[in-house]
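Participant: Mind looking over this structure? Questions follow.
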Amino acid sequence: MSIPEAELGAVAAELDAWVVSKVATFDALTEGHRSAIEALNENSSLLAQQQAELDEALGRRSDAAKHAQRVASRLSAQLEQLNLEQQQLPAKRAQVEREIEHESHSLATLERAIAEQEVASERRAAELAKGTSMYKRWLGLTFERVGDDRLRLDLTHVDPSLPERSFSFEVFVDANNLYHVSNCSPPLPGLPLLVSRLNETNNFAEFVRTVRRKFQESVPGREGAPPTITQP
1 MSIPEAELGA VAAELDAWVV SKVATFDALT EGHRSAIEAL NENSSLLAQQ
51 QAELDEALGR RSDAAKHAQR VASRLSAQLE QLNLEQQQLP AKRAQVEREI
101 EHESHSLATL ERAIAEQEVA SERRAAELAK GTSMYKRWLG LTFERVGDDR
151 LRLDLTHVDP SLPERSFSFE VFVDANNLYH VSNCSPPLPG LPLLVSRLNE
201 TNNFAEFVRT VRRKFQESVP GREGAPPTIT QP
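Listed below in structure tokens is the structure:
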């Protein structure tokens, strides 16, 4: 039995419609797949960019972490040094206190020595001043202050031919309480020995009498003659 031509046409039309539908579906799927691929590609590029940015950020963070670690290590070392110094402070303080005590003791000793020296100098000056009138009366001796620390001694009645002729010398006491004599007129060859003897005995009156006798012996015609002035 033959299929009527009308039915064949209907079947063909239905088949064509089905094919068109499937092609359209396929095209839609293809387009969707292409769009998905493009989206995936875009997402992949974005992800790659984000990954690069993340890697860069992680690198910076790693550098920052390393820097922070170095700073922390340095601060830790400084803190350890400070702790060590703090532990040493009591010993250093004790050392400083000992040094201060030693310096204070040395200063006190020096002050006592200066005070004793001043007292000794004042005592010698008083002895010199006390003997002025006696020396003047017995030895024709006068004193004159020269500057701040020297005394000039002038002796007369030494030369019988010229009773008012002046024989003189200057004397001062140094920081070690030692006598020194200078500007002796006329010069006496044995004067250094007399000064050495004076510093041994500290007898200034005897020194003046001895110098006067040496002046008398230096007068021409008086060598070996006994003194004409009675000692006090």
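Using full-length UniProt numbering, read the sequence shown as starting at 1 and increasing by one per residue.
C-beta atoms are modelled at their ideal positions from N, C-alpha and C, and glycine is treated no differently.
#1: Measure the beta-carbon distance from T168 to D149 and round it to whole angstroms, keeping in mind my assumption that it falls under 8 Å.
#2: When DSSP labels each residue in this structure, what does H180 get in the three-state scheme?
#3: Are the beta-carbon atoms belonging to V158 and R209 less than 9 Å from one another?
#4: Would you say the segment 181 to 189 touches the segment 111 to 130, given that touching needs at least three Cβ pairs under 8 Å?
#5: In or out: residue 236 buried (at least 16 other Cβ within 10 Å) or exposed?
#6: Quick check: the segment 197 to 206 against the segment 139 to 147, are there 3 or more CB pairs under 8 Å?
#7: Does the separation of the CB atoms of Q117 and A77 fall below 9 Å?
#8: Using only the alpha-carbon positions, how far apart do L162 and G147 sit?
#9: Let me see if you follow: with CB-CB separation under 9 Å, is V181 close to chain D or not?
#10: Closer than 8 Å by C-beta to A225: which residues in its own chain qualify, once you throw out the five before and the five after it? Chain order, please.
#11: Going straight from the alpha carbon of E38 to that of A52, what length do you get?
#12: Can you tell me the Cα-Cα spacing of V20 and N43, whole angstroms?
#13: What would DSSP say about E195, mapped onto helix, strand or coil?
#14: Assuming N183 contacts E170 under a Cβ cut-off of 8 Å, what Cβ separation, rounded to an integer in Å, is found between them?
#15: Could you check whether V195 and V173 sit closer than 9 Å to each other, using their CB atoms as the reference points?
#16: Fully enclosed by the segment 140 to 190, which beta strand (DSSP E) runs are 3 residues long or longer?
#17: Please report how far the alpha carbon of I114 lies from the alpha carbon of S73, in whole angstroms.
#18: Using the rule of at least 16 other Cβ atoms within 10 Å of the residue's Cβ for burial, across every protein chain shown, is F207 buried or exposed?
#19: Ignoring anything shorter than 4 residues, give me the alpha helix (DSSP H) runs that lie fully in the UniProt domain "MHC class II beta chain N-terminal" (21 to 56), in order along the chain.
#20: Give the DSSP-derived three-state secondary structure of G221 in the structure shown.
Facilitator: On the basis of the supplied data:
#1: Note on identity: in this sequence residue 168 is Ser, with Thr being the wrong assignment. In fact, because the Cβ distance is near 17 Å, the residues do not count as touching under 8 Å.
#2: Three-state DSSP puts H180 in a strand.
#3: In this structure, V158 keeps its C-beta atom at 9 Å or more from the C-beta atom of R209.
#4: Verdict: no, contact absent.
#5: Since the displayed the chain opens at 1 and closes at 232, residue 236 lies outside it and no answer follows.
#6: At 8 Å Cβ cutoff, the stretches do not touch.
#7: Cβ atoms of Q117 and A77: not closer than 9 Å.
#8: Their Cα atoms are separated by approximately 29 Å.
#9: Given the protein chain composition of this structure (a single chain), no chain D is represented.
#10: Model confidence at A225 stands at a pLDDT of 48, short of 50, so the residue's coordinates are unreliable; what they give is reported in the following sentence. The residues are Q216, E217.
#11: The alpha-carbon atoms of E38 and A52 are separated by roughly 21 Å.
#12: Those two C-alpha atoms are separated by around 34 Å.
#13: Looking at the sequence shown, residue 195 is not Glu but Val. V195 falls in the helix class under three-state DSSP.
#14: 5 Å between Cβ atoms; contact.
#15: In this structure, V195 does not lie closer than 9 Å to V173 by Cβ.
#16: You should have 141 to 146, 150 to 155, 167 to 173, 179 to 185.
#17: Looking at the backbone, the Cα of I114 and that of S73 are separated by about 58 Å.
#18: With 16 or more other Cβ atoms within 10 Å, it is buried.
#19: DSSP assignment within the UniProt domain "MHC class II beta chain N-terminal" (21 to 56) yields no whole alpha helix (DSSP H) run of 4 residues or more.
#20: DSSP places G221 outside both helix and strand once states are collapsed to three, so it counts as coil.
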